[in-house]
Structure formats: C-alpha cells, structure tokens
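K.L.:
Got a structure for you, written out below as structure tokens; questions coming shortly.
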Amino acid sequence: MGQITATLGKTIKEFLRQKTILFWTIAWPILWVLIGSFSFVENVPSEVVSYIRGAIAISMSVFALMTAGMANLPGNIAQDRERGLLSKLMSMPINPWRDFVGRILALLAFSSLAAILVTLVGYGCGARFSYSLIGLLQSIGFILLISLASAGIGMLIGTFIKHVHGAIMSGVGIAVVTAAISGVMTPYSSLPWLLQQFARIYPISSSSSSITFLLVGEDYAGYNPLSANQTTLTIVISLLLFIGGLVAYSRFCWRKE
Amino acid sequence: MDAITVEKLTKKYGDNEVLKGVNLKIAEGEFYALMGPNGSGKTTLASIIVSVRFPTSGKIEIYGKKPENAKELIGYVPQESFSSPILTGKENLMYFAGLLGYSKNTSEKTVNELLKKIELSEDANKRVSDYSGGMRKRLEVATALFPGIRILILDEPTTGLDPSARRKFLGLIQELRKERTTVLLITHIGADAELASRVGLIDEGKIIAEDEPERLKKVSGLRDVINIETAIKSEKVAKILGEFSEKKKVLETDVGYRVYCKDVEEATPEIVRSLDAIGCKATKIETEKPSLEDVFFKLTEKMVREVS
Chain P
1 MGQITATLGK TIKEFLRQKT ILFWTIAWPI LWVLIGSFSF VENVPSEVVS YIRGAIAISM
61 SVFALMTAGM ANLPGNIAQD RERGLLSKLM SMPINPWRDF VGRILALLAF SSLAAILVTL
121 VGYGCGARFS YSLIGLLQSI GFILLISLAS AGIGMLIGTF IKHVHGAIMS GVGIAVVTAA
181 ISGVMTPYSS LPWLLQQFAR IYPISSSSSS ITFLLVGEDY AGYNPLSANQ TTLTIVISLL
241 LFIGGLVAYS RFCWRKE
Chain W
258 MDAITVEKLT KKYGDNEVLK GVNLKIAEGE FYALMGPNGS GKTTLASIIV SVRFPTSGKI
318 EIYGKKPENA KELIGYVPQE SFSSPILTGK ENLMYFAGLL GYSKNTSEKT VNELLKKIEL
378 SEDANKRVSD YSGGMRKRLE VATALFPGIR ILILDEPTTG LDPSARRKFL GLIQELRKER
438 TTVLLITHIG ADAELASRVG LIDEGKIIAE DEPERLKKVS GLRDVINIET AIKSEKVAKI
498 LGEFSEKKKV LETDVGYRVY CKDVEEATPE IVRSLDAIGC KATKIETEKP SLEDVFFKLT
558 EKMVREVS
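Protein chains in written order, with our numbering: chain P, 1 to 257; chain W, 258 to 565.
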C-alpha cells in the first residue's frame, strides 16, 4: 500500500463520513434537481421539457463538482493543518507530491460519485440527453476541467484560509455566487452583457455550457462554447487555476519555517 | 552512540530569538525530559529536531545524520490531536502504515500488534471521536512506534488528560524504555519530567540546568517545602508567607502557595499564627519534598505552569 493509496483512502473516507460534505455536495444539488425539474417547466412546450430537465441536471452536477473542489478540498486541507497532521507528516519520510496526488484522486473519485448521483436523480425526474460517443467523451474531458479548476480554487482557499469552517464557508460562498452569476445555475441568455463575458472567461461556466451544448443542444447552452478560441481559453484558464493552487499548496502548506 | 546531538542551536523569528545557542546530547535508549514554561522554546527545539522547522544556525545530528536524512528513525507526536476523529483507531494507524510504505498484509499485522501494545485492540474499530483523551493520545503515540523508529519525541503529551489517563499514558512510555527506545519528552509538568533519566530545564531559549531529577533537586539546595492551602489568595497573604521563605520567594499554586523554609517545624506554627492575624485561614498545611517545578522556580523565579 503506497502513500498515494493511503492518502486517497483516508481522504475519501473523510469525505463520505461528514454530513456537511454529503449535504452540500450531494443532497443540495439533488434537492435543486428535484425542485427545478418540476417547478421550472410550467408553461413550457412538452417536447422541450425533458431537455430543460437535462440542462438542470447538468447544472447541478457541475455545482456538485464545484462544491467538492472549492469547499470539501480546502476544508480537508485546513482540517489537517489545524489539527497538526501536516506537522506530523512533515516529520515523516514522505513525499508531499504523493500526498497531493492522493488528495486530488480522492477529490476526483468523490466528485464523480456526486455528479453521477445527481445526474441519475435528474434522469429519474425525466431528464433526457441527446449525444454521440464523441460528445460523451468530450463531456468527460470538460468534467475533468471543471474538477481541476475547482480544485485549483479550493487549494488556494485551503492554503490561505487557516480555519476549517472559514475555508469551507468561503468555498461554498464562492461556488454559490460564481455559479449564480456565471450561468451555471441560470440560463446564459438571461445574464446581462458583463456577466456573459464573465461566463465565457470563468472556465467552470464555459465547461458547463460546453457539456450542455454537447449533451442537450446549442439552444440550451445559449452560445457556442466549442469554438476553437473559447475551448482553448477554457482549457488554459482551468489549467492555470489548477497550477496556481498546486504551487500555493506545495509552497505554503508544506513550507518549513 | 548519541541518538540526538544539538550544538549551538539558534532560532530567530525576525528580531525575536527563540533559541539561544542550545546544546543537547541524548544517548541511545535514554529517557530525556525537557521541561520549561510556555514560550521557553522547547516546542521550537523539538520541531527543529524532527525537521519541521529550520534552525537559524547551529548543528543537529540524529545518529550522526542530518535530521532531514533521518526522518525514518524518528517518531514525532505533536501537541495537537492529529488523528482523524471520523476514522476508527485502526483506520488511522492503517493510514500511517500506508504512508510508511507497508504492504496491506504487513500493515494489518503491524497495526494489530501496535493496537495490542497500546491496549486499544478492543476499541480498534470505534471512531476516534468516541475515544477518551487518553485513548486518543495512546493511539497517536502508536503512530510513532512503527518498527524501525528508534527515537520517540513527545510534545506535551499529557496536557488535558485526567489523572488516571495520565498515569496509564506514562506507564506506556515507561514500558517503551525497556525496548531501548530513546524518548525525548517535552513537558511543563514536573511530575512527568521526574520519570525521565535526565531532565533539562529550559527558559528563554536556553537550557539553564540539566541532570538526573534527584540530583537537580539536591544541587538546587532546596529542602522541605510547605504546601499551604488558603481560604483566600492575595498579595498580602503572599507577602506574609514570603517572610518565612528563602529569599522571600513563594510559589503560587492552584489552591494556595508553596513556601521554601529552612526549618519547617519551627516555621509552620508561625505561619499559621501570621495568617490568622490577618484573618486568612490555612485550610491545609503539609510538608513535601521539593519537585522539579520548585527547582525551576528557584532558578528562574518563574512558574513552569500558569496558575489556573
């Protein structure tokens, strides 16, 4: 059993056993899928209802990924630092990079579980998707980008906000606010011009629109997020956020004074 | 061979010099206690030895190696409770076994042996959040007892434990001495330090005295100590008691004062009379042998522990 497996196992058990984490990452998005699937489809032509439900399921799956990266990960880092585990780890013959890989793998596994559960509930509520195999694979790529960007933001929060509750609440706050103003939880077309520009730059929103475009259709995404320029921008900013978070985490959390 | 060698160690945070040229040698198998008040630099010294902090200057060797190259030899138990409360005791130890590179089968065997050693086998599958403070501390010590670890460094391990848990915990540490594990105990509790084979007293970043506990007491020149519990504590009471104490020093305790007299039998009735005269009743008076906390007080005029 290696260091990566040990950290992966410990982190995922901690994610699965904390009620707050389960609530914000799984129960809350599912609740909104249930509410949205039945209350936002009144006076809507019956042939598009299932696609609107599909778009809602995707939005809330993205929100689950955001919460996992932006709140659960920094909460976990802050908790380990606050209770002295990072000091203990620094005294041991272990590699900080392996600790990092273990945490990220745990995050990806837990995020995927949350997203799958939210999507299944959406499906149960009547959400339907139209996709090709290529479209599905591309969507998985965008899901990965959302997880990486969220993890990057989460690592920045976990590095600079020392207290557990502060880190978790900051992450939840950033996830809720940015999801609301960037078109993740609201239709892109209903956003004012300035927020539409933000939605294109904010990689989580543009990835979310890309998934909606691929699995539900252009009308529900509001614009074409799969143009070469837009896709490049989405990939670059996602990776920059992830690398920024990684550098901050490795430099400040594991720094010897 | 020395397990730990520290020479002329300094540590500065800006203008604040926390360690001022500390020298320390701990032999293999020795139980050494470093005792001092909060802010004396003892935790900083431990964290430099375990390679969590850098020294500003000076030299440290662990069995002749630099600390960062000897991490596999040291088991460090920081002051905070670092075990995960939502994992079971066994899961916590399995996590550390994994970090140390044990295979699944070896982990299982080693962890079961460790649980037996710390007497937690029956509670192994309970979540740590259901453990008492003493059980949790024993579990955390077990993370520093994996095979191959030769030096155990414990930072304030008994703080917050009730007397029974504290005794059980110290019993475990005494057992480890039989296995020739070198122990460095960081503490501010004199009774804990008394168990060590050698004690270093640290104050303001310097080791001010170092010897076997009984020799430290003898060299300090302290004889009997009168422990007085009073109905009230005030400056006036302390001043009156000071008249009976060597160099007019009295140590304030949780429930009263400790007075350092040359002739206990002669001083005791006089103390009672003087306290009665100001309307302060001595509720309990007993004579004790001096403790390491008394020695520290004699040398520095400071208390090792804050009075609660």
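Glycine included, each C-beta is placed from N, C-alpha and C at the ideal position. Fair warning: this is a prediction, and the values are worked out from it, not measured in the lab.
Rounded to whole angstroms, what's the CA-CA distance from E82 (chain P) to E527 (chain W)? Just pull it up for me.
P.N.:
52 Å
K.L.:
Within 8 Å of any Cβ in chain P, is that where the Cβ of V385 (chain W) sits?
P.N.:
No, V385 (chain W) lies away from the interface with chain P (no Cβ there is under 8 Å from its Cβ).
K.L.:
Once you ignore the five residues that flank T119 (chain P) on each side, which residues in its own chain have a CB closer than 6 Å to its CB?
P.N.:
A57, S61
K.L.:
Can you give me, in chain order, the residues of the stretch 340 to 357 of chain W that have a beta carbon less than 9 Å from any beta carbon in chain P?
P.N.:
S340, S341, P342, I343, L344, E348, N349, M351, Y352, F353, A354, G355, L356, L357
K.L.:
Can you pull the chain W neighbours of R264 (chain P), defined as C-beta to C-beta under 8 Å?
P.N.:
Here chain P comprises residues numbered 1 to 257, so residue 264 (chain P) is not present and cannot be evaluated.
K.L.:
When the Cα atoms are used, what is the spatial distance from M560 (chain W) to R395 (chain W)?
P.N.:
Answer to the nearest angstrom: the Cα atoms are 28 Å apart.
K.L.:
Check whether the Cβ atoms of S208 (chain P) and I146 (chain P) sit closer than 8 Å, and answer yes or no.
P.N.:
yes
K.L.:
Against chain P, does S565 (chain W) count as a neighbour if the rule is that its beta carbon must be under 8 Å from one of theirs?
P.N.:
Because S565 (chain W) sits at a pLDDT of 47, beneath the cut-off of 50, its placement in the model cannot be relied upon, and the following sentence gives the value as read from the coordinates. Cβ-Cβ to chain P under 8 Å: no for S565 (chain W).
K.L.:
Let me know if W316 (chain P) comes out buried or exposed under the rule of 16 or more other beta-carbons within 10 Å of its beta-carbon.
P.N.:
The first residue shown for chain P is 1 and the last is 257, placing residue 316 (chain P) beyond what the model contains.
K.L.:
How do the stretch 32 to 47 of chain P and the stretch 363 to 381 of chain W stand: do at least 3 beta-carbon pairs fall below 8 Å, yes or no?
P.N.:
no
K.L.:
Can you list, in chain order, the stretches of the alpha helix (DSSP H) that have 4 or more residues and sit fully within the stretch 461 to 525 of chain W?
P.N.:
Contiguous alpha helix (DSSP H) elements confined to the stretch 461 to 525 of chain W occur at 470 to 477, 492 to 499, taking only those with 4 or more residues.
K.L.:
Take the Cβ of T300 (chain W) as the centre, count every other Cβ of all protein chains shown within 10 Å, and call the residue buried at 16 or more, exposed below.
P.N.:
buried
K.L.:
I'd like to know if G315 (chain W) contacts chain P, where contact means its C-beta is closer than 8 Å to some C-beta of that chain.
P.N.:
no
K.L.:
According to DSSP, simplified to helix, strand and coil, what is D412 (chain W)?
P.N.:
strand
K.L.:
Which residues in chain P sit within 7 Å of K328 (chain W), going by Cβ to Cβ distance?
P.N.:
Ordered by position in chain P, the residues that pass the 7 Å Cβ test against K328 (chain W) are S91, M92, P93.
K.L.:
Under 8 Å between beta-carbons, which chain W residues line up against R128 (chain P)? List them in chain order, please.
P.N.:
The contacting residues do not exist; R128 (chain P) stays about 39 Å from chain W at best.
K.L.:
Here's the rule I'm using: 16 or more other beta-carbon atoms within 10 Å means buried, otherwise exposed. How should A78 (chain P) be labelled?
P.N.:
buried
K.L.:
Using the DSSP secondary-structure output, state which residues sit across from D387 (chain W) in a beta bridge.
P.N.:
DSSP lists no partner for D387 (chain W).
K.L.:
Kindly indicate the opening and closing residues of the beta strand (DSSP E) around N273 (chain W).
P.N.:
Where N273 (chain W) is concerned, the enclosing beta strand (DSSP E) stretches over 273 to 284.
K.L.:
Would you mind stating whether I204 (chain P) and P74 (chain P) have Cβ atoms separated by less than 8 Å?
P.N.:
no
K.L.:
Going by DSSP in three states, E348 (chain W) sits in which element: helix, strand or coil?
P.N.:
In the three-state reduction of the DSSP assignment, E348 (chain W) falls in the helix class.
K.L.:
Less than 8 Å between CB atoms is the rule here; does T5 (chain P) satisfy it with respect to chain W?
P.N.:
yes
K.L.:
Find the residues of chain W that neighbour R83 (chain P), judging by a C-beta separation of less than 7 Å, and give them in chain order.
P.N.:
Under the 7 Å cutoff, chain W gives E337, S338, F339.
K.L.:
Is it true that the stretch 410 to 428 of chain W meets the stretch 521 to 536 of chain W, where meeting means three or more beta-carbon pairs spaced less than 8 Å apart?
P.N.:
no
K.L.:
How many Å lie between E461 (chain W) and K265 (chain W) at the Cα?
P.N.:
15 Å
K.L.:
Kindly indicate the opening and closing residues of the beta strand (DSSP E) around E545 (chain W).
P.N.:
539 to 545
K.L.:
Would you please verify whether the beta carbon of S308 (chain W) is less than 8 Å from any beta carbon of chain P?
P.N.:
Residue contact with chain P for S308 (chain W): present (Cβ-Cβ distance below 8 Å to some residue of chain P).
K.L.:
Considering Cα atoms alone, identify which of W:K347, W:G391, W:K316, W:V398 is closest to S378 (chain W).
P.N.:
When W:K347, W:G391, W:K316, W:V398 are compared, the shortest CA-CA separation from S378 (chain W) is found for W:K347.
K.L.:
Using the beta-carbon of each residue, which ones in chain W are nearer than 9 Å to E47 (chain P)?
P.N.:
Neighbours of E47 (chain P) on chain W: none; closest Cβ ~48 Å, over 9 Å.
K.L.:
Please report whether the beta-carbon of G222 (chain P) lies at a distance below 8 Å from any beta-carbon of chain W.
P.N.:
no
K.L.:
Which stretch, first to last residue, makes up the alpha helix (DSSP H) that contains Y220 (chain P)?
P.N.:
218 to 221
K.L.:
In chain P, what lies closer than 7 Å to I331 (chain W) by C-beta?
P.N.:
S91
K.L.:
Give the C-beta separation of E451 (chain W) and L556 (chain W) to the nearest angstrom, bearing in mind that I take them to be a contact with Cβ-Cβ under 8 Å.
P.N.:
Rounded to the nearest angstrom, the Cβ distance from E451 (chain W) to L556 (chain W) is 16 Å, too far for a contact under 8 Å.
K.L.:
Run through the DSSP bridge pairs and tell me what R455 (chain W) is partnered with.
P.N.:
Beta-bridge partners of R455 (chain W) (DSSP): W:Y289.
K.L.:
Quick one: what's got a C-beta closer than 7 Å to G358 (chain W)'s C-beta in the same chain, skipping five residues either side?
P.N.:
none
K.L.:
Relative to chain P, which residues along the stretch 415 to 432 of chain W have a C-beta separation below 7 Å, given in chain order?
P.N.:
Going along the stretch 415 to 432 of chain W in chain order, one finds no residue with a Cβ nearer than 7 Å to chain P.
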